[in-house]
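This is the structure in structure tokens:
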């Protein structure tokens, strides 16, 4: 009986502990439920607040984006307006430079580079007004200044060409002819190509660059009259060079012929025969061959040979120059001269200077 009562007591005590544990678990579950409800309430209120914040911020965000786009459009419009306003004021800004001309600053000009930049501004303004406002006064002003600037560039090209075009001395041409004749043989010429090129440098380096800049601008803008000016001036210089060479050849050949004639005159004086009577070297007995002068071929052949050699060299060089000039004109203008026309020009040139 005692053991049964003790066992019952143990069971009841364990049951009491389990009940206590169960009650504490229920309390904890209730607290957890309360905490869960509190968190759900907090999250729900946070969600509602986020929704209200989104409703408030989203219009502001959209409006800010619209304002940014408007600002970009305004900046682009202002930039375009500044660009267009520059066209309206370009005539007043560059008028002084156009009046100065493209000459060097030391001579009171604006300088070639500055003048060409100014012409580019005028050309851009002219294209704008021709496209967007063809009946405006600004287009007339810009066109007038542009045409005046083009005339100034044409005059500058002509003045530079006249100022720096000088005939080649006859002595230099003779040296070059001699060097060219030596290159045809087997001997090696000691004259360097740089020395030969330096002797025929028609323009200084700076002048040549300016002429190239002017020619490029003129040909791009349809002002090809400068080619006629260049051909006329350079042909005049070439003619003067050939005339000086001709005078040099005449003077040198005339002096040599006088000396040879004096020598041949002394050598062909009437000799004395044995009887003391003078006999003529040309008097011969009948049937004997005619005796020619000893120095006849000697004083005629060298001058003719030199003249023929000089004529041959000049013809060869003139052919090369005319061929190169015709190719340049054909490439720049599209006109075809042909070999027949070049030959006619060469014939006229040689006949004029012969």
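In UniProt numbering, the protein residues as written are 1 to 354.
Glycine residues also receive a C-beta, built at the ideal position from the N, C-alpha and C atoms.
Residues of its chain near residue i, where Cβ-Cβ distance is below 8 Å and the 5 sequence neighbours each way are ignored
i           : result
residue 211 : 157, 160, 161, 203
residue 108 : 100
residue 20  : none
residue 146 : 119, 122, 123, 126
residue 83  : none
residue 152 : 98, 101, 102, 115
residue 133 : 139
Candidates the options: closest to residue i by CA position
i           : options            : result
residue 236 : 168, 251, 72       : 168
residue 93  : 74, 122, 68        : 122
residue 214 : 234, 128, 166, 103 : 103
residue 328 : 249, 231, 251      : 231
residue 250 : 316, 321, 216, 170 : 170
residue 86  : 30, 164, 124       : 124
residue 115 : 154, 84, 165, 205  : 154
residue 317 : 8, 238, 248, 247   : 238
residue 144 : 75, 95, 11         : 95
Residue i: first and last residue of the uninterrupted alpha helix (DSSP H) it sits in
i           : result
residue 107 : From DSSP, residue 107 is part of no alpha helix (DSSP H); its letter is neither H nor E.
residue 13  : 2 to 100
residue 220 : 205 to 220
residue 166 : Careful: residue 166 lies outside any alpha helix (DSSP H) and carries neither H nor E.
Cβ-based neighbour list, residue i, same chain, cut-off 6 Å, excluding 5 preceding and 5 following
i           : result
residue 141 : 91
residue 129 : 136, 138, 139
residue 229 : 158
residue 173 : 245
residue 209 : none
residue 300 : Note that residue 300 scores a pLDDT of 46, beneath 50, so its modelled location is shaky; the value from the coordinates is reported in the next line. Taken in chain order, the list of residues that qualify is empty.
residue 248 : 170
residue 110 : 97, 100
residue 205 : none
residue 287 : Annotation note: pLDDT 41 at residue 287 (below 50); position unreliable, coordinate value reported separately. Taken in chain order, the list of residues that qualify is empty.
residue 302 : Here the model assigns residue 302 a pLDDT of 48, short of 50, so the residue's position is not dependable and the matter cannot be decided.
Closer than 8 Å to chain D by CB, residue i
i          : result
residue 24 : You won't find chain D in this structure, because it holds only one protein chain.
Sequence-distant residues of its chain with Cβ nearer than 7 Å to residue i (five each side left out)
i           : result
residue 187 : Interpretation of residue 187 is limited by its pLDDT of 45, a score under 50 that renders its predicted location unreliable; the figure taken from the coordinates is listed afterwards. Closer than 7 Å at Cβ, skipping near neighbours: no residue.
residue 150 : 221, 223
residue 207 : 160, 164
residue 234 : 165
Cβ-heavy atom distance, residue i to the ligand PLP, below 7 Å
i           : result
residue 242 : Absence of the ligand PLP from the depicted structure is noted, as is the absence of any ligand whatsoever, leaving it without description.
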